[in-house]
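So for the sequence shown, my numbering puts the first residue at 6; every next one is plus one. Inspection log for the structure reproduced underneath, given as structure tokens.
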Amino acid sequence: MHSNSSSNKQTHLVGLIGLLCLAWLLQGCSQPSNVETALDKGILHFGLGAEPQHLDPHLATSVAAHNILSALLEGLVSEHPKTLKPVPGVAHRWEQSKDGKTYIFYLRKDAHWSNGDPLTAHDFVYSFRRILNPNLGAQYASMLHPLKNARLYHEGKKTWEEAKVGAVATDDYILEITLEHPIPYFLELLNHYSWFPVHRPTLEKFEAFEKMGTPWTKPANFVGNGPFRLIDHQINSVISVGKNEHYWDASSVQLKGIRFYPIEAVDTEERAYRAGFLHLTQSVSADRIDFLKEKYPKELHFEPYLGTYFYRFNLKSPPFDDLRVRQAFSLAINRQRLVDKVLKGGQSPANTFTPPGTGGFYPKPQFLYDPQKAKQLLDSYLSEKGLERLPPVELTYNTSEGHKKVAEALHGMWKEALGVEIRLLNMEWKVFLSTVSKGEFSLARAGWIGDYVDPHTFLHMWRSGEGLNMTGWANAPYDQALKLGETSNSEKERWENFQKCEDLLAMEFPVLPLYFYVHLTLRHPTVRGWYPTLLDHHPYKHVYLSKEESP
């Protein structure tokens, strides 16, 4: 899942100040703060980070979108708030065949859409068919490729009926799913929003089955099935959700609503938190860690987070079409110095792409620091091209003080070791995503948060033709190793093939891993039912506010 980002854009702040009492930000407002009134109102105030690009679960690609969609929609299964292990969701129970390839889900007859319509197995079949529709162009469509024959339909080789895709409603409340091969993490996969249902009558009303950008996701139109419903969406200001009384487990939902604020500038978010405008921040500035440790020792949280911060090379754009240059750029980076001197939040240097220990997989470290070899590789390239030095290289990133500091630190390392000049190009989040997806970059900042706790969530991105690849890299041996890792029932064989994938990434350098995330946030002690989890998922039906402060 793409990581979130930050921005200092004036237009964003104007929208923000329309909601934030400016005096609060300056800590001079006498009115009760959001946090002070939240206990009576039952409203959680959540720092979202970026404005989500889409609230369509089949088009979304970001952490920000996940945080909202998991309030508005629910899949076949849900998550345990502490372990994230699958628990009953829309399906109250399920059965698995002995060969591990067929699942039968029995849906709740009391599950409804937020407008009161019954929710049936046919809704899930319709939703799977939509995200896999080749005309929709969903980046996350490959998440459903485990369905038998799904790829045939998604690649336009057969119609849904001709392909006989492995998702069949055998009854209004019985859904049979057949997989290409057993997947040990399949039930966890179902908690990704790409598997969530969409309301067919609404999508048909707005002709949204294979069209992007229709107004079906506007508050007046959105029909979901989660614990909350969409009430308001003011771009770059606030997204409001309220309790969905038609949710099958509404009696367990203690919050009356959530306000999501896309405050991209991390310093603004911190001031909003300190002024009592927010219960939760999305991030914390590295420069503020020491101060916050002293000021808010019980509210500053360092929590594990399954994610990798990295840069993408564009292999179709010189000079990164040459392996030597990509190697040189990687070898010139002192990742340990980056996490110790620049980030300072407990992050660890990424010498692999997959975080060590993901699902029990420990790839061998390979992305090393060797500035002398880096210089030799670049000199070899320059000599062959008849150049004295590289032309300035453009580094694209989404506007954020954190991303800027990382970029500036790497610029310093590259200039020192290689004599390379870097031009920093920052963009607002949505523009950045569009630019990278079109391949209009040379070197670009990226982040990936795992969608489930298995190495596959990191390695599948680099398959040839994968929508999330965006590097121009294609490697048949990689595809083969990935496929063997996906289909093997032996953990030993899976790890061996995933290691081959890691080896090929370290040989070809389509990406530049930099560090593994730690989630660094501020959280008010009245927020309860919020537990540290590897994926930073927090099922909202278990979250509540209490006057008694949490330990």
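Glycine included, each C-beta is placed from N, C-alpha and C at the ideal position. For clarity, every value in this text was computed on a predicted model and none was experimentally measured.
Per DSSP, reduced to three states, the secondary structure at residue 68 is helical. Looking from the CA of residue 54, the closest CA among 80, 107, 42, 69 belongs to 69.
When the Cα atoms are used, residue 166 and residue 222 turn out to be separated by approximately 28 Å. Between the region 529–541 and the region 214–231, the count of Cβ pairs shorter than 8 Å is below three; the stretches do not touch. Boundaries of the beta strand (DSSP E) harbouring residue 92: 91–93, taken from the DSSP string. Put simply, the backbone Cα of residue 444 is about 39 Å away from that of residue 295. DSSP places residue 313 in no alpha helix (DSSP H) but in the uninterrupted beta strand (DSSP E) bounded by 305–318.
Beta-bridge pairing by DSSP links residue 237 to 245. Distances from the alpha-carbon of residue 192 to those of 80, 41, 341 put 80 closest. Spanning the alpha carbons of residue 236 and residue 373 requires a straight line of approximately 49 Å.
Under the three-state reduction of DSSP, residue 503 is assigned to helix.
When DSSP states are grouped into helix, strand and coil, residue 101 belongs to the strand group. Distance from residue 381 to residue 507 at the Cβ level is roughly 24 Å; contact not present, criterion being Cβ atoms closer than 8 Å.
The continuous alpha helix (DSSP H) containing residue 417 extends over residues 406–423.
The beta carbons of residue 515 and residue 334 sit about 12 Å from each other, so the pair does not count as a contact at 8 Å.
Of the residues assessed, residue 263 falls on the buried side of the cut-off, its CB having 16 or more other CB atoms within 10 angstroms. Between the alpha carbons of residue 232 and residue 493 lies a gap of roughly 37 Å. C-alpha of residue 463 to C-alpha of residue 358: approximately 7 Å in a straight line. Your pair residue 448 and residue 325 checks out as a contact, with CB atoms roughly 7 Å apart and the cut at 8 Å.
Residue 277: member of the alpha helix (DSSP H) spanning 271–279, first to last residue.
In this structure, 397 is the residue among 208, 101, 397 with its C-alpha nearest to the C-alpha of residue 323. Unbroken beta strand (DSSP E) stretches of 3 residues or longer found wholly inside the region 136–221: 172–176, 179–183, given in chain order. Only residues of its own chain outside the window of five on either side were considered, and among them 360, 363, 454, 455, 458, 539, 540 have a CB closer than 7 Å to the CB of residue 311, listed in chain order.
Secondary-structure assignment with DSSP links residue 262 through a beta bridge to 48, 247. Rounded to whole angstroms, the separation of the alpha carbons of residue 531 and residue 64 is 34 Å.
Around the C-beta of residue 42, fewer than 16 other C-beta atoms lie within 10 Å, and the residue is accordingly described as exposed. Fewer than three beta-carbon pairs drawn from the region 470–486 and the region 162–179 are found closer than 8 Å, and the two stretches are therefore not classed as touching. If you check the CB distance, residue 111 and residue 182 do not come in under 8 Å. Per DSSP, the unbroken alpha helix (DSSP H) holding residue 463 starts and ends at 461–464.
Shown here, residue 290 sits in coil according to DSSP, grouped into three states, outside any helix or strand.
If the five residues before and after residue 154 are omitted, its C-beta is found closer than 7 Å to the C-beta atoms of 168, 169, 170, 171, all from its own chain and listed in chain order. Taking a contact as a CB-CB distance under 8 Å, the pair residue 58 and residue 472 does not count as one, their CB atoms being some 14 Å apart. Three or more Cβ pairs closer than 8 Å define a contact, and the region 431–439 falls short of that threshold against the region 297–307.
Distance from residue 266 to residue 243 at the Cβ level is roughly 6 Å; contact confirmed, criterion being Cβ atoms closer than 8 Å. One Cα belongs to residue 342, the other to residue 117, and the distance between them is close to 53 Å. The shortest C-alpha to C-alpha distance from residue 198 to any of 129, 158, 251 is the one to 129.
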